[in-house]
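Numbering (UniProt numbering), first residue to last: 1 to 623. Here a beta-carbon is modelled for each residue, glycine too, at the ideal position from N, C-alpha and C.
What follows is the structure, given as structure tokens:
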């Protein structure tokens, strides 16, 4: 085993240190906090670093307040709200996604049959806020409030009598009748960044085992862009909304209050989408069962023997109850997200042909290294693809083959005329196709995936110019007007499944198997046909070959464009190391130095840097 491989395998087994307060990895991640007498500023710094959010404490005195928390696996935003509440602060979301923590003055009031304007005036004096009351605002109310933020007190008092608070900017607020706002409609434009209608092209996969397909664009904005309908539902009576497709801009004409709601809605929805990097390996294994029985005279005299083939590969995980044939890959440990009760120890039920399981980093590394070194195993394809969260993606590697079909027509003289035209089922696509639909689970490092791998190949017995490999020859027509035509025999294997995985975890799909059986009998003329004695003059050979295709799928959540660049860099480094190792094995250390090749293309990994834990070893051509 190479030193580079040893380092990767060892690093995969090392525990990763947890952050001081808990663990989180994304803007929608969950955290665990166990604090005793820690400053609010420390908690905010931790949540800011872990979530990537812009959080500012505006009250400097509150920043030094000591708080205690004991939370386990909660959304980071909820943890922030609770920490702010313990410090007497409130969290406000401003434009551009900035969160501020302020400690507003709290009020305690008791009013009975008091005019609304007097209540507003009292709140304004305590808070120091700039509040303008419209002339039409009137009415009396009774309320009792104890130690609540002044803004909450203002909203409750105003809404009790059916009025609204409108923020005009620069700290000025107006209390108005909502009906008067209809005469004060404003037109504003909103530039959308990441939100946009679906593209004109959608991935598809053709299979009789797959029902349904991706939704193609209809040409109607309301249907292709659901956010438009959501925005229209937020408009007030008399409001209007238009969408400019070319510029991806919303133009809204409505009241200031509605504009504030739409701006907040866009701020929450128009965020950089996460992606999923899907690394796939199609691994083909071939197993031979060979039975020789009888006497083979051959070229060097008779020889007697009985031989039987065996499975040449032992994978580093348990097989199904049915053995290699019935459960090519199975997880019968009783643990993990893919556990099937039928696979537990002691079960006598034969598992179905298609089984999928999960491997750890170490298991995947060992498995693929072993498969690559086995002469009966080949990594036939290794596609990689990046898909947006919730969007379909497909990749096809293969070729398109056209073929003809015979067409007969009755001629004027009564005979049959034979012609050849392109077949209705032509062309046929031969190769590998993978369609994935990843869906990241918010607040976790997990995702669900709809996975459809499909392999199509030609299996005909043709070996001539008329019928090339993969085609079969058929004779068509009647006497005097007959001919031969070559048609493809297509063999296809398809799996349709859904799975739940952690980011970086590898799923293994097996069961795509093909059996080829060959019987050969050779005998001495006449003597080989004598009953009983024919055994000594006859030789039988029975060969059964099973070709199995395993699919290794490793999704990795990509949370930003920077993560995409990091994955690309690690992939290039991994490929450089793999091909350097191959050259060293083929040519020798004196000619090819893998370390020199790698260092000439990439900077060395400095102490303390993250180690590439990618479990796969790049396949070598033809291995």
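Alpha carbon to alpha carbon, how far is residue 114 from residue 126? Give it in angstroms, no decimals. Stepping through the chain shown from its first residue, residue 126 is reached at position 126. Stepping through the chain shown from its first residue, residue 114 is reached at position 114. The straight-line gap from Cα to Cα measures roughly 17 angstroms.
Closer than 7 angstroms to a non-hydrogen atom of the ligand COA - does that hold for the CB of residue 114? Absence of the ligand COA is noted for the structure shown, with no ligands found whatsoever.
Looking only at DSSP bridge pairs, what is residue 279 linked to? Taking the first residue of the chain shown as 1, we reach residue 279 at position 279. Answer is 384 and 554.
Looking at the strands, I want to know which residues DSSP matches up with residue 488. On the chain shown, residue 488 is found 488 positions in, with the first residue counted as 1. Bridge partners of residue 488: 471.
Looking at residue 436 and residue 278, is the spacing between their C-beta atoms short of 8 angstroms? Translated into positions along the chain shown, residue 278 becomes position 278. Translated into positions along the chain shown, residue 436 becomes position 436. Taking 8 angstroms as the Cβ cut-off, residue 278 and residue 436 qualify as a contacting pair.
Could you tell me the alpha carbon to alpha carbon distance between residue 135 and residue 167, rounded to whole angstroms? By one-based count along the chain shown, residue 135 stands at place 135. By one-based count along the chain shown, residue 167 stands at place 167. For residue 135 and residue 167, the distance between alpha carbons rounds to 17 angstroms.
Below 8 angstroms, how does it come out for the segment 76-92 and the segment 54-65: are there three or more Cβ pairs, yes or no? yes
What separation, rounded to the nearest whole angstrom, lies between the Cα atoms of residue 30 and residue 72? Here residue 30 refers to the residue found at position 30 of the chain shown. Here residue 72 refers to the residue found at position 72 of the chain shown. Rounded to whole angstroms, residue 30 to residue 72 spans 9 angstroms at the Cα level.
Nearest-angstrom Cα distance between residue 70 and residue 246? Numbered from 1 along the chain shown, position 70 holds the residue referred to as residue 70. Numbered from 1 along the chain shown, position 246 holds the residue referred to as residue 246. Answer to the nearest angstrom: the Cα atoms are 50 angstroms apart.
Among the candidates 42, 132 and 52, whose CA atom is the shortest distance from the CA of residue 559? As a first step, residue 559 must be located in the chain shown, where it is residue number 559. The option with the nearest alpha carbon to residue 559 is 52.
Short Cβ contact (8 angstroms threshold) for residue 205 with residue 385: If you number the chain shown from 1, residue 205 lands on position 205. If you number the chain shown from 1, residue 385 lands on position 385. Contact flag unset, no.
Would you please state the rounded distance, in angstroms, between the beta carbons of residue 251 and residue 244? I believe it to be under 8 angstroms. Counting from one through the chain shown, the residue named residue 251 turns up at place 251. Counting from one through the chain shown, the residue named residue 244 turns up at place 244. Confirmed, Cβ separation roughly 7 angstroms.
Proximity winner among 564, 551 and 580, relative to residue 285 (alpha-carbon distances): Here residue 285 refers to the residue found at position 285 of the chain shown. Here the closest residue by C-alpha is 551.
Kindly give me the distance between the Cβ atoms of residue 67 and residue 35, rounded to whole angstroms, as I take these residues to be in contact under 8 angstroms. Locating residue 67 in the chain shown gives position 67, where the first residue counts as 1. Locating residue 35 in the chain shown gives position 35, where the first residue counts as 1. About 7 angstroms separates the two Cβ atoms, so the contact holds.
Using only alpha-carbon positions, find the residue among 99, 273 and 382 that is nearest to residue 564. Along the chain shown, read from residue 1 onward, the residue named residue 564 stands at position 564. Comparing Cα-Cα distances from residue 564 to each of 99, 273 and 382, the minimum goes to 273.
At the level of alpha carbons, what is the spacing between residue 348 and residue 510? Within the chain shown, numbered from 1, the residue matching residue 348 stands at position 348. Within the chain shown, numbered from 1, the residue matching residue 510 stands at position 510. Low local confidence applies: a pLDDT of 37 at residue 348 is under 50, so the model's placement there is unreliable, with the coordinate-based value given in what follows. Taking the straight line from one Cα to the other gives about 20 angstroms.
Can you name the residues that DSSP bridges to residue 67? As a first step, residue 67 is located in the chain shown; it is residue number 67 there, counting from the start. According to DSSP, residue 67 bridges with 38.
Between 523, 185, 485 and 228, which lies nearest to residue 239 when the distance is taken from Cα to Cα? For the purposes of this step, residue 239 is taken as residue 239 along the chain shown, with counting starting at 1. Residue 239 has its Cα closest to that of 185, out of 523, 185, 485 and 228.
Under the DSSP definition of a beta bridge, which residues are partnered with residue 56? As a position in the chain shown, residue 56 is number 56, starting the count at 1. Bridge partners of residue 56: 100.
Run through the DSSP bridge pairs and tell me what residue 389 is partnered with. By 1-based counting over the chain shown, the position of residue 389 is 389. In the DSSP output, where bridge partners are listed per residue, residue 389 has none listed.
Between which two residues does the beta strand (DSSP E) carrying residue 503 extend? Numbered from its first residue, the chain shown carries residue 503 at position 503. Here residue 503 belongs to no beta strand (DSSP E), and DSSP marks it neither H nor E.
How about residue 173 and residue 130: are their beta carbons less than 8 angstroms apart? Counted from its first residue, the chain shown places residue 173 at position 173. Counted from its first residue, the chain shown places residue 130 at position 130. Yes; because the gap between Cβ atoms is below 8 angstroms, this pair is in contact.
Euclidean distance between Cα positions of residue 1 and residue 403: Working through the chain shown from its first residue, we reach residue 1 at position 1. Working through the chain shown from its first residue, we reach residue 403 at position 403. Bear in mind that the predicted position of residue 1 carries a pLDDT of just 37, short of 50, making it too unreliable to give a figure here.
I need the boundaries of the beta strand (DSSP E) containing residue 433, first residue and last residue. Residue mapping note: residue 433 aligns to position 433 of the chain shown, counting from 1. That run of the beta strand (DSSP E) goes 428-440.
Could you please give the first and the last residue of the uninterrupted alpha helix (DSSP H) stretch that includes residue 452? Here residue 452 refers to the residue found at position 452 when the chain shown is read from its first residue. Not the alpha helix (DSSP H): residue 452 falls in the beta strand (DSSP E), residues 446-458.
Starting from residue 233, follow the alpha helix (DSSP H) in both directions and report where the run begins and ends. The sequence position of residue 233 within the chain shown is 233, counting from 1. 226-233 is the span of the alpha helix (DSSP H), which, as asked, contains residue 233.
If we call anything under 8 angstroms between Cβ atoms a contact, is residue 629 one with residue 175? Only positions 1 to 623 of the chain appear in this structure, which leaves residue 629 out of reach.
For residue 189, report the span of its beta strand (DSSP E) as first-last. Mapped onto the chain shown, residue 189 falls at position 189. Note, residue 189: beta strand (DSSP E), 186-191.
Kindly provide the ranges of any alpha helix (DSSP H) runs that are 4 or more residues long and lie completely inside the UniProt domain "Secretin/TonB short N-terminal" (129-178), ordered along the chain. 150-160
What does residue 75 pair with, by DSSP beta-bridge criteria? As a working mapping, residue 75 is identified with position 75 in the chain shown. According to DSSP, residue 75 bridges with 30.
State the DSSP-derived secondary structure class of residue 549, mapped to helix, strand or coil. Residue mapping note: residue 549 aligns to position 549 of the chain shown, counting from 1. In this structure, residue 549 counts as strand in the three-state DSSP scheme.
Given a threshold of 16 other Cβ atoms within 10 Å of its Cβ, counted over all protein chains shown, does residue 163 qualify as buried or as exposed? On the chain shown, position 163 is the one that residue 163 refers to. Its Cβ being crowded by 16 or more others within 10 Å, residue 163 is buried.
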